[in-house]
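For the protein sequence lines, the chains are A and B, in the order given.
Just so you know, we're using the numbering used here here: the first sequence kicks off at 1 and counts up by one.
Just so you know, we're using the numbering used here here: the second sequence kicks off at 262 and counts up by one.
Cβ atoms here follow ideal geometry from the backbone N, Cα and C, with glycine treated the same way.
Predicted, not measured: the structure shown is a model, and the values here were computed from it.
Everything below concerns the one structure shown next.
Number of protein chains: 2
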Amino acid sequence: MLPESHRERIDVVLVSPRNPLNIGAAARAMANFGFQRLSVVAPFAPMWRQARSAVGAPELLLSAVESATLAEAVAACTLVVGTGTIRYRKPEQPVVTLPDLAPLVARELARGGRVALVYGSEKHGLTRDNLSYCHLLVEIPTDPRQPSMNLGQAVAVCLYELAVRAVPAPESLQEEPATLIPSTTSAAPSGRLELLAGVIEEAMQVAGYSPRGMQPANHHDLRLLLRRLALSAHDTRRILGLFRRILWRMKRIPVRKDKSN
Amino acid sequence: MLPESHRERIDVVLVSPRNPLNIGAAARAMANFGFQRLSVVAPFAPMWRQARSAVGAPELLLSAVESATLAEAVAACTLVVGTGTIRYRKPEQPVVTLPDLAPLVARELARGGRVALVYGSEKHGLTRDNLSYCHLLVEIPTDPRQPSMNLGQAVAVCLYELAVRAVPAPESLQEEPATLIPSTTSAAPSGRLELLAGVIEEAMQVAGYSPRGMQPANHHDLRLLLRRLALSAHDTRRILGLFRRILWRMKRIPVRKDKSN
């Protein structure tokens with residue numbers, strides 16, 4: 001089983017859940033498998049902390065963190081995993097099945113990272129904007145004829161799998177799973193990547209690189225790119241330094257209307 | 262993933278479920294993982310087939326089998342697995358954790374058997390009498406501080422595990438899991454064991470072996486014993502023949518009041 005010190009670094013994040021009973025059911029499953037950190041983003045019902053379905057887990061609901069945005073909820077996480085069925089859109093990041101997720105999570109925890117499992121609302125799942133904060137997507141291997149799971153049941157299945165199988169492997173036996181960041185360095189938390197994205201975007205604007213109409217699309221692509229690069233904390237610090245310096249330089253130079261380009 | 266032909270030989274059996282929403286949730290999880298055979302024993306609410314929680318699985322509820330007793334529900338099954346937390350009583354049969362169940366189920370299916378997963382009522386779980394029909398018990402590895410799972414979530418977790426991992430192993434690689442019946446013979450279905458138990462009990466009574474006051478206890482122990490022996494269909498047929506012959510002989514001999522014994 002997953003050691004306590006590792007469970008403490010797995011967050012369950014519910015984005016815009018509509019039914020408080022489902023929040024309670026998620027909390028109950030968390031308590032069943034020994035997880036404590038619940039995060040609720042923009043819940044629909046204000047009284048969700050009183051959900052009666054949180055059998056044996058009322059404290060977990062009371063100590064849950066409520067945030068306005070997913071960016072805020074996962075700011076400290078180094079591996080953000082989106083859940084759901086990938087059917088209506090072409091995924092913009094790697095997709096793994098749940099049995100293949102466990103070794104990736106084990107490795108992220110082993111190097112001191114923090115993992116978020118992100119669930120979308122009951123009706124629509126995660127939006128494209130939500131997904132842009134995810135490093136990868138996980139699919140529960142359901143029957144194609146009936147893929148849509150109940151929220152509480154999906155949380156239970158994922159946590160069961162991680163509790164039983166995201167166990168730290170003995171160093172000698174550890175197979176190198178297919179992740180992008182070398183296991184010796186620590187990954188940049190989501191909040192740092194957002195900060196970096198902001199500075200890069202400002203640089204793009206000051207440089208006159210990004211036409212105004214393209215800004216939302218560029219913003220989205222940049223967020224995905226920064227996660228795909230799997231930057232370490234160290235990488236992120238250096239790139240951030242570089243772009244800040246560039247910005248500072250650019251702001252000192254008056255913009256010339258250069259017709260030749 | 263588990264092939265369709267194997268999924269068709271796994272029954273989900275809910276004993277005395279109180280809340281129709283939980284029956285519906287179980288049906289939904291079954292549809293999610295491609296299972297079809299739901300059995301409901303002595304349900305509390307008469308209108309359970311209309312449960313709205315069976316999202317995407319209304320036909321599954323309509324085609325579910327309702328029985329009055331667990332004996333009836335599992336009569337055709339060769340491996341009956343009781344679920345729940347073993348906390349208040351010393352188990353009378355082998356206990357495995359869910360990750361260890363998959364190879365046992367895979368083997369039973371590979372030799373043509375039929376498996377039942379049996380869930381007790383939400384409040385009390387399986388009774389001692391229910392458990393006497395089980396060949397083994399499975400425990401979902403939950404946190405000891407909060408072991409009690411929601412029924413629909415427990416069904417989802419078990420079916421996920423079996424769908425992903427009770428996969429038939431290639432013959433050459435198949436490790437011999439610790440079961441009692443050799444893999445070449447087929448196990449006796451539960452209903453045949455009940456028939457045998459009845460004949461043996463009648464023989465006990467006719468032989469004057471079993472004091473009346475002990476009959477319920479002997480009945481329980483006999484049922485457990487027959488399952489622990491893991492009799493093959495062939496064994497069962499022979500023992501049944503033997504006891505029928507004994508009964509016939511005994512009934513022809515007038516009972517002598519023998520004071521010496």
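With DSSP as the reference, label A/Ala-133 as helix, strand or coil. Correcting the residue identity first, residue 133 of chain A is Tyr in this sequence and not Ala. A/Tyr-133 falls in the coil class under three-state DSSP.
Under the three-state DSSP convention, the category A/Gly-208 falls into: The answer is coil: DSSP assigns A/Gly-208 none of H, G, I, E or B.
Going along chain A in order, which residues have a C-beta closer than 7 Å to the C-beta of B/Phe-294? Ordered by position in chain A, the residues that pass the 7 Å Cβ test against B/Phe-294 are Thr-142, Asp-143.
Comparing C-alpha positions only, which one of B/Trp-509, B/Arg-473, B/Ala-449 sits nearest to B/Ala-337? Of the listed residues, the one whose Cα sits closest to B/Ala-337 is B/Ala-449.
Taking C-beta to C-beta, are B/Val-335 and B/Ala-286 nearer than 7 Å? No, Cβ-Cβ distance for B/Val-335 and B/Ala-286 is not below 7 Å.
Comparing C-alpha positions only, which one of A/Ile-23, A/Arg-145, A/His-135 sits nearest to A/Gln-50? The option with the nearest alpha carbon to A/Gln-50 is A/Ile-23.
Who are the near neighbours of B/Gly-257 in its chain, counting only those whose CB is closer than 6 Å to its CB and skipping five residues on each side? Residue 257 of chain B lies beyond the residue range present for chain B, which begins at 262 and ends at 522; the question has no answer from this structure.
Are the C-beta of B/Gly-317 and some C-beta of chain A separated by less than 7 Å? Answer yes: the Cβ-Cβ gap between B/Gly-317 and chain A drops below 7 Å somewhere.
Residue ranges of each beta strand (DSSP E) within the region 262–303 of chain B, 3 or longer: Those beta strand (DSSP E) runs which fall completely within the region 262–303 of chain B and span 3+ residues are 271–276, 298–302.
Measuring straight from C-alpha to C-alpha, what distance separates B/Ala-458 and B/Met-308? Looking at the two C-alpha atoms, the distance is approximately 35 Å.
Alpha carbon to alpha carbon, how far is A/Ile-253 from A/Ala-207? A/Ile-253 and A/Ala-207: Cα-Cα distance of roughly 10 Å.
Where B/Arg-313 falls: helix, strand or coil (DSSP): Note: B/Arg-313 maps to coil in three-state DSSP.
Taking C-alpha atoms, which residue in B/Glu-463, B/Ala-491, B/Asn-293, B/Ala-494 lies nearest to A/Ala-154? Of B/Glu-463, B/Ala-491, B/Asn-293, B/Ala-494, the residue nearest in Cα terms is B/Asn-293.
Beta-carbon contacts of B/Thr-358 that lie in its chain and below 6 Å, excluding the five residues immediately before and after: The answer, listed in chain order, is Glu-400, Pro-402.
For A/Glu-92, the three-state DSSP class (helix, strand or coil): DSSP places A/Glu-92 in coil when its eight states are reduced to three.
Within a Cβ cutoff of 7 Å, which residues of the same chain sit near A/Ser-53, ignoring the five residues on either side of it in sequence? Cβ neighbours of A/Ser-53 beyond the five flanking positions: Leu-21, Gly-24, Ala-25, Arg-28.
Using a Cβ-Cβ distance cut-off of 7 Å, determine whether B/Glu-414 contacts chain A. In the sequence as presented, Glu is not what sits at residue 414 of chain B; that position holds Gln. At least one chain A Cβ lies under 7 Å of B/Gln-414.
Roughly how far, in whole angstroms, is the beta-carbon of B/Val-302 from the beta-carbon of B/Val-276, given that I think they are within contact range, below 8 Å? That belief holds up - the Cβ atoms of B/Val-302 and B/Val-276 are roughly 5 Å apart, short of 8 Å.
Taking 6 Å as the line, does the beta carbon of A/Val-138 fall inside it for any heavy atom of the ligand NAP? This structure lacks the ligand NAP; in fact it carries no ligand of any kind.
Taking the straight line between their C-alpha atoms, what separation do you get for A/Ala-342 and A/Thr-127? Lying outside 1 to 261, the shown extent of chain A, residue 342 of chain A is not represented and no answer is given.
If we require 3 or more residues per run, which beta strand (DSSP E) segments fall completely within the region 394–431 of chain B? The beta strand (DSSP E) runs lying completely inside the region 394–431 of chain B and spanning 3 residues or more are 397–400, given in chain order.
Pairs of beta-carbons, one from the region 156–169 of chain A and one from the region 102–120 of chain A, closer than 8 Å: are there three or more? Enough Cβ pairs lie closer than 8 Å, so yes.
Alpha-carbon spacing of A/Ser-5 relative to A/Ala-233, whole angstroms: Taking the straight line from one Cα to the other gives about 21 Å.
Counting only the same chain and skipping the five closest in sequence on each side, list residues whose C-beta sits under 6 Å from that of A/Leu-101. Val-138, listed in sequence order.
Is there a C-beta anywhere in chain A that falls below 7 Å from the one on B/Pro-438? Model confidence at B/Pro-438 stands at a pLDDT of 49, short of 50, so the residue's coordinates are unreliable and nothing is read from them.
In its own chain, which residues sit with a C-beta less than 6 Å from the C-beta of A/Arg-37, not counting the 5 before and 5 after it? Only Asp-11 meet the Cβ criterion.
At least one CB of chain B closer than 7 Å to the CB of A/Tyr-160: is that the case? Residue-level contact check: A/Tyr-160 touches chain B, since one or more beta carbons of chain B fall below 7 Å from its beta carbon.
Other residues of its chain near B/Leu-483: CB distance less than 7 Å, five sequence neighbours each side excluded: Hits under 7 Å: Ala-458, Ile-461, Glu-462.
Return the bridge partner residues of A/Glu-66 from the DSSP annotation. The partner list for A/Glu-66 (beta bridge, DSSP) reads A/Val-40.
Nearest to B/Thr-339 by alpha carbon, out of B/Glu-353, B/Asp-390, B/Tyr-394? Nearest of B/Glu-353, B/Asp-390, B/Tyr-394 to B/Thr-339, Cα basis: B/Tyr-394.
Under 7 Å, Cβ to Cβ, is there at least one residue of chain B near A/Arg-238? Under the Cβ distance rule, A/Arg-238 does not count among the residues neighbouring chain B, no pair being separated by less than 7 Å.
Under 7 Å between C-beta atoms, does A/Arg-28 make it to chain B? True, the Cβ-Cβ gap to chain B drops below 7 Å.
If you draw a straight line from the C-alpha of A/Met-214 to the C-alpha of A/Ser-63, how long is it? Straight across, the Cα-Cα distance linking A/Met-214 with A/Ser-63 is about 41 Å.
Report yes if the C-beta distance between B/Ala-417 and A/Ala-71 is below 7 Å; otherwise report no. No. Outside cutoff.
Within chain A, the residues that B/Asn-411 reaches when beta carbons sit closer than 9 Å: Ordered by position in chain A, the residues that pass the 9 Å Cβ test against B/Asn-411 are Ala-25, Arg-28, Ala-29, Asn-32, Ser-53, Val-55, Gly-152, Gln-153, Ala-156.
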